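Numbering (my numbering), first residue to last: 218 to 466.
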Ligand SMILES: Nc1ncnc2c1ncn2[C@@H]1O[C@H](COP(=O)(O)OP(=O)(O)OP(=O)(O)O)[C@@H](O)[C@H]1O
Ligand SMILES: [Mg+2]
């Protein structure tokens with residue numbers, strides 16, 4: 218299954234979730250590929266991948282094959298990215314099949330993995346649309362604040378456009394609240410608002426606010442390696458179980 222982790226709202230836990238959900242799946246012996254599709258390269262950096270190595274940029278330009286850029290970290294395969302990826306955005310603009318470039322690139326290796334997770338950038342860029350054209354499902358991570366509701370509306374619109382135009386079978390896996398402090402009244406209010414106003418399913422799992430999650434990237438590690446008994450590791454373990462259950466249904 219190809220899962221795009223997307224939200225047009227920046228800083229909403231996409232990269233953190235891509236890494237930790239990916240490693241959680243690998244711990245349960247799933248074969249996982251993570252694609253860093255954000256020119257910020259946060260996913261690659263957070264896993265301690267050297268930014269000067271070959272990246273997805275070299276696959277886009279045809280200079281390297283996918284197998285030559287993949288790096289294995291903590292049991293997951295990673296296609297890294299860096300700032301060069303921003304140039305790809307510009308250069309594929311004029312190409313006829315510009316929305317299908319990523320799909321054509323990944324289709325040949327798809328059968329090697331149980332889960333391919335794509336870390337999208339917050340912008341509604343050509344790269345993000347490429348991810349949604351390839352994806353079977355979308356997981357959207359949100360902070361429980363009012364601006365996230367706006368991001369959710371924007372993403373909903375993008376997904377319906379993609380569904381109508383280029384990928385009829387795409388659907389939402391669900392909304393995952395992250396960095397949650399349930400002691401705040403606003404958290405409960407936003408949760409109720411989402412339940413009442415959106416058709417997108419709200420996952421039962423949520424990720425509590427946890428300092429180990431903030432610290433882990435500076436060690437180039439997932440929260441499972443950095444702090445295996447932390448609440449962060451526990452919450453991502455609950456999430457992976459819920460996702461596997463949903464997929465088996
Ligand atoms: N559960 C959590 N507890 C505490 N901090 C968190 C949690 N989840 C994410 N964060 C922090 O929130 C910040 C934003 O997270 P992250 O980089 O994953 O968001 P993003 O959606 O990928 O951002 P961007 O849109 O820039 O790509 C990071 O500093 C991260 O460490
Ligand atoms: Mg990110």
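Note that beta-carbon positions come from the ideal geometry of N, C-alpha and C, so glycine has one too. Given the structure is predicted, the values throughout are model-derived calculations rather than measurements.
Exposure of residue 294, with buried meaning 16 or more beta-carbon neighbours within 10 Å: buried
Near ligand 1: residue 454 beta-carbon under 7 Å from a heavy atom: no
Buried or exposed: where does residue 439 fall if 16 or more other Cβ atoms within 10 Å of its Cβ makes it buried? buried
Keeping to the same chain, check which residues put their C-beta closer than 7 Å to that of residue 346; ignore five residues upstream and five downstream. 316 and 379
With residue 295 as the anchor, note down where its beta strand (DSSP E) starts and where it stops. 293–296
Taking the C-alpha atoms as reference points, what is the distance between residue 331 and residue 454? 17 Å
Go ahead and pull the three-state DSSP assignment for residue 262. helix
Indicate, with yes or no, if ligand 2 has a heavy atom lying under 7 Å from the CB of residue 232. yes
Mind checking which residues open and close the alpha helix (DSSP H) that includes residue 457? 448–465
Candidates 264, 392, 371 and 461: which alpha carbon is nearest residue 361's? 392
List the DSSP bridge partners of residue 290. 293
Mind checking who residue 221 pairs with in its DSSP beta bridge? 335 and 355
Would you say residue 426 touches ligand 1, meaning its beta carbon is less than 7 Å from a heavy atom? yes
May I ask whether a heavy atom of ligand 1 can be found less than 7 Å away from the beta carbon of residue 367? no
Flag this pair as yes or no: are the beta carbons of residue 352 and residue 221 separated by less than 8 Å? yes
By how many angstroms is the C-alpha of residue 368 removed from the C-alpha of residue 311? 28 Å
Please tell me whether residue 263 and residue 236 are closer than 8 Å, where the distance is taken between their beta carbons. yes
Could you name the residues that DSSP lists as bridge partners for residue 252? 296 and 335
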